[in-house]
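Numbering of the sequence shown is given in this note's numbering, commencing with residue 4 and proceeding in unit increments.
All C-beta atoms, glycine included, are put in the ideal place defined by N, C-alpha and C.
The structure presented is a predicted model; accordingly, all values stated were derived computationally and were not measured.
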Amino acid sequence: MTRVIAPSRPLADRTRARRGLALFFPLVIVFEALSLAVMVATGNVLWIYALMWSVTLASAITRLVNREGFRDVSFRWGGGRSVTWSVVGLIVPLVVGALAFGTAWMTGLVPFAPGPGGFWMGLLGALTVGLVLNMVWAAGEEIGWRGYMLIRLVDAGVPRPVLVHSVIWGLWHLPLIIAGLIYTEHPDTVVAAIVFMVSVIPMGFVLARIRLGTGSVWPGVVAHGAYNSIIQGAFWPAAAAGGASAAVWVGMEAGLLVAVALALVATVLCVGTWTYRRTPDEVMEGAPRP
């Protein structure tokens with residue numbers, strides 16, 4: 004049974020939080036539509052990095068228009084809790100990769116076929132240069148999704164805000180999948196979209212647990228960047244030779260075994276006591292169930 008620790012203080016200003024979300028969501032939709040239009044017109048998927056940072060842009064505009072300030076983005080590190088959860092964030096993709104890809108390789112569902120340099124060199128690159136680069140892009144999402152939307156959903160009194168935020172985060176990716184801009188290795192776009200949603204919701208819980216547990220945006224940036232770097236940069240390249248079958252079973256982030264592994268990992272990390280922290284030293288008032 005999941006419990007939430009929060010002080011018995013008055014609820015946050017729901018009206019203000021809802022006003023913020025009412026501006027944030029349309030901005031996110033407009034920026035995504037513009038980014039998709041550019042990507043489809045030019046065929047250049049590198050615009051996806053601008054799309055990732057557009058979420059932060061939407062949150063910044065909302066904060067400025069509504070005079071909300073930037074304090075609860077929480078750029079403070081957060082001490083020992085942040086160190087612990089950052090380490091957890093680095094371990095999560097390693098565990099997910101070992102469970103999902105390891106199962107696929109050992110059972111023969113997917114061939115183990117690492118590229119030049121081998122699997123371990125690929126993993127080393129993913130944990131160093133790849134991690135730094137992916138953290139830069141992940142920050143664009145984390146500052147917007149977990150640094151703004153999640154906090155406002157809690158303030159607005161939305162039931163099960165962590166679940167709602169995870170679903171919204173997943174839905175934001177769907178136009179990219181349906182347009183054939185990401186996860187193109189999968190043989191069926193609809194199936195890829197469904198499996199991705201099954202995967203992204205538990206990952207959303209993990210990232211929310213990290214953000215709310217530390218009161219800092221940075222451990223989530225580490226975890227998000229590590230997941231993208233390690234799964235996409237180390238594990239998937241060693242399985243991609245399996246073609247369509249590999250995409251179905253593991254894929255980059257839309258494989259059946261990856262979805263199962265993420266659900267298991269999220270269950271372990273997210274069951275138990277939750278403490279919602281707006282910042283490292285400020286516990287949120289009246290926080291609901293995740």
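Option in Phe208, Ala226 and Ala107 with minimal Cα separation from Leu267: The count along the sequence shown starts at 1 and reaches residue 267 at position 264. Considering only alpha carbons, the answer is Phe208.
Short Cβ contact (8 Å threshold) for Ser77 with Gly289: Here residue 77 corresponds to residue number 74 of the sequence shown, with the count starting at 1. Here residue 289 corresponds to residue number 286 of the sequence shown, with the count starting at 1. No, they are not a contact pair.
Contact under 8 Å by Cβ, Gly143 with Thr59: Walking along the sequence shown from the start, residue 143 turns up at place 140. Walking along the sequence shown from the start, residue 59 turns up at place 56. The answer is yes: Cβ separation under 8 Å.
Per-residue DSSP class, three states only, for Val328: Nothing can be reported for residue 328, as the shown portion of the chain is limited to 4 through 293.
DSSP beta-bridge partners of Val2: There is no way to answer for residue 2, as the model of the chain reaches only from 4 to 293.
Inside the segment 212-251 only - alpha helix (DSSP H) runs reaching at least 4 residues: 221-233, all fully within the segment 212-251.
Segment limits, beta strand (DSSP E) that includes Trp50: By 1-based counting over the sequence shown, the position of residue 50 is 47. Where Trp50 is concerned, there is no enclosing beta strand (DSSP E), given that its DSSP letter is neither H nor E.
Between the CA atoms of Pro29 and Leu39 - distance to the nearest angstrom: Position 36 of the sequence shown, counting from 1, holds the residue named residue 39. Position 26 of the sequence shown, counting from 1, holds the residue named residue 29. Those two C-alpha atoms are separated by around 15 Å.
Residues of its chain near Arg155, where Cβ-Cβ distance is below 6 Å and the 5 sequence neighbours each way are ignored: As a first step, residue 155 must be located in the sequence shown, where it is residue number 152. Counting only Cβ-Cβ distances below 6 Å, and skipping sequence neighbours, we find Ala20, Gly23 and Leu24.
Limits of the alpha helix (DSSP H) - the one that Thr18 falls within: Reading the sequence shown from its first residue, position 15 is the one you call residue 18. Run containing Thr18: Arg17 to Thr45, per the alpha helix (DSSP H) assignment.
Contiguous alpha helix (DSSP H) assignments of at least 4 residues, all confined to the segment 89-156: 121-130 and 132-147
The segment 178-187 / the segment 154-168 touching (three or more Cβ pairs under 8 Å): no
Proximity of Met55 and Trp140 at Cβ, strictly below 8 Å: Taking the first residue of the sequence shown as 1, we reach residue 55 at position 52. Taking the first residue of the sequence shown as 1, we reach residue 140 at position 137. Yes, these two residues count as a Cβ contact at 8 Å.
Option in Ala242, Pro178, Ile234 and Glu256 with minimal Cα separation from Ile204: Stepping through the sequence shown from its first residue, residue 204 is reached at position 201. Among Ala242, Pro178, Ile234 and Glu256, the Cα nearest to that of Ile204 belongs to Glu256.
Meets three-Cβ-pair contact criterion under 8 Å: the segment 169-176 and the segment 228-248: no
Helix, strand or coil at Val261 [DSSP, three-state]: For the purposes of this step, residue 261 is taken as the residue at position 258 of the sequence shown. DSSP places Val261 in helix when its eight states are reduced to three.
With 16 other Cβ atoms within 10 Å as the buried cut-off, status of Glu285: Walking along the sequence shown from the start, residue 285 turns up at place 282. Looking at its Cβ environment, which holds fewer than 16 other Cβ atoms inside 10 Å, Glu285 is exposed.
Beta-carbon contacts of Val95 that lie in its chain and below 8 Å, excluding the five residues immediately before and after: For the purposes of this step, residue 95 is taken as the residue at position 92 of the sequence shown. Around Val95: Val209, Ala226, Ala229, Tyr230, Val268 and Leu272.
Close beta carbons around Arg12, own chain, < 6 Å, minus the five adjacent residues each side: The residue given as residue 12 occupies position 9 in the sequence shown. Reliability of the predicted coordinates at Arg12 is poor, the pLDDT of 37 falling under 50, and the value obtained from them is presented with this limitation in mind. Cβ within range, chain order: Glu288.
Arg280 (DSSP reduced to helix, strand or coil): Walking along the sequence shown from the start, residue 280 turns up at place 277. Here Arg280 sits in strand by DSSP.
Val286 - partner residues in DSSP beta bridges: Within the sequence shown, residue 286 is the residue found at index 283, counting from 1. Its beta-bridge partners are Arg280.
Length-filtered (4 minimum) alpha helix (DSSP H) runs lying within the segment 163-212: 164-181
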